Amino acid sequence: MGRAFEYRRAAKEKRWDKMSKVFPKLAKAITVAAKEGGSDPTMNAKLRLAIANAKTQNMPKDNIDAAIKRASGKEGIFSEITYEGKANYGVLIFIECTTDNPTRTIANIKSYFNKTPGASVLTNGSIEFMFERKSVIEFETTQNKDDIELALIDYGLEELETAEDKENAYIAYGDYKDFGKLNEGFETLNIQVSKATLQRIPTSPIALTESQMQEIEKLLDKIEDDDDVQAVYTNIE
Numbered sequence: 042m043g044r045a046f047e048y049r050r051a052a053k054e055k056r057w058d059k060m061s062k063v064f065p066k067l068a069k070a071i072t073v074a075a076k077e078g079g080s081d082p083t084m085n086a087k088l089r090l091a092i093a094n095a096k097t098q099n100m101p102k103d104n105i106d107a108a109i110k111r112a113s114g115k116e117g118i119f120s121e122i123t124y125e126g127k128a129n130y131g132v133l134i135f136i137e138c139t140t141d142n143p144t145r146t147i148a149n150i151k152s153y154f155n156k157t158p159g160a161s162v163l164t165n166g167s168i169e170f171m172f173e174r175k176s177v178i179e180f181e182t183t184q185n186k187d188d189i190e191l192a193l194i195d196y197g198l199e200e201l202e203t204a205e206d207k208e209n210a211y212i213a214y215g216d217y218k219d220f221g222k223l224n225e226g227f228e229t230l231n232i233q234v235s236k237a238t239l240q241r242i243p244t245s246p247i248a249l250t251e252s253q254m255q256e257i258e259k260l261l262d263k264i265e266d267d268d269d270v271q272a273v274y275t276n277i278e
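Add 41 to the 1-based position in the sequence shown for the numbering used here, that's all there is to it.
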């Protein structure tokens, strides 16, 4: 599990290395978390994780504090919405957004698809069932992998993978409903989580040629560069 979206994730994170894009997306995630569960990270697990994810991207403390404060004002009113679409070669695209103006967001998303030959926006619910929603937690530790795996099963762990690009690094998977519980497990084990997200993993990934992938990337680039877009998932291997 996990390899189906590694290429897309790597490409996305490389593009998101531009601070002018990544910081607003991280700030929105923090604001939404604070709006939902309060501004105290010690009492709000979702906010605590959003802050941790922001820190891994070197987001300044002032930006984090401002995002939390924004949750108490009118500008902190965000909606989390999703869109679904398709492109050439059987590519399915699932988009997660956080926006203070859904009308603007859907207009932008539709324009990206309409300007791409063979692509179109679908009715919500058309392809969601073709993705599994999973808790995905990345961490590093020198503790024994088997011991960690055994301990985390009680917290909803389904699978534990060794990361391919870093020593003593792992990726844990669980059902999305166990996101909070699984993170509690890491806290109990005193393991520092480097990144914790909810991912949509395709159940039937497809392979594309290099030229086909380059064509699809043009559409995905436009979508991911939109400030309202938090995450993009496809069924590409």
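Ideal placement from N, C-alpha and C gives every residue a C-beta, glycine not left out.
Computed from a predicted model, the values in this text were never measured in an experiment.
- Looking at Phe119, Leu223, Ser245, the one whose alpha-carbon comes closest to that of arginine 145 is Phe119.
- Boundaries around tyrosine 153 are those of the alpha helix (DSSP H), 143-155, since no beta strand (DSSP E) includes it.
- In the three-state scheme derived from DSSP, where H, G and I count as helix and E and B as strand, isoleucine 189 is classed as helix.
- In this structure proline 143 is exposed. Its beta-carbon is surrounded by fewer than 16 other beta-carbon atoms within 10 angstroms.
- The stretch 211-230 makes contact with the stretch 166-177, as at least three CB pairs between them are under 8 Å.
- Taking isoleucine 168 as the centre and dropping the five residues before and after it, the same chain places the C-beta of Glu125, Leu133, Phe135 closer than 7 Å to its C-beta, in chain order.
- If you ignore the 5 residues before and after glycine 221, its C-beta comes within less than 8 Å of the C-beta of Ala86, Lys87, all in its own chain and listed in chain order.
- Exposure of methionine 84 is indicated by the presence of fewer than 16 other C-beta atoms within 10 angstroms of its C-beta.
- An exposed status is given to leucine 239, since fewer than 16 other beta-carbon atoms sit within 10 Å of its beta-carbon.
- Cβ neighbours of valine 162 within its own chain (closer than 6 Å, five residues either side excluded): Gly126, Lys151, Phe154.
- Within the stretch 223-251, the beta strand (DSSP E) runs of at least 3 residues that lie entirely inside it are, in chain order, 234-243.
- A distance below 6 Å between beta-carbons, with the five flanking residues on each side excluded, links phenylalanine 227 to the following residues of its chain, in chain order: Val234.
- Counted as a single uninterrupted DSSP element, the alpha helix (DSSP H) harbouring isoleucine 109 occupies residues 102-111.
- Cα atoms of asparagine 104 and isoleucine 147: separation of roughly 27 Å, rounded to the nearest angstrom.
- In terms of Cβ geometry, isoleucine 247 and glycine 131 form a close pair [threshold 8 Å].
- Taken atom to atom, the span from the alpha-carbon of proline 158 to that of asparagine 129 is near 8 Å.
- In the structure shown, the three-state DSSP call for alanine 128 is coil.
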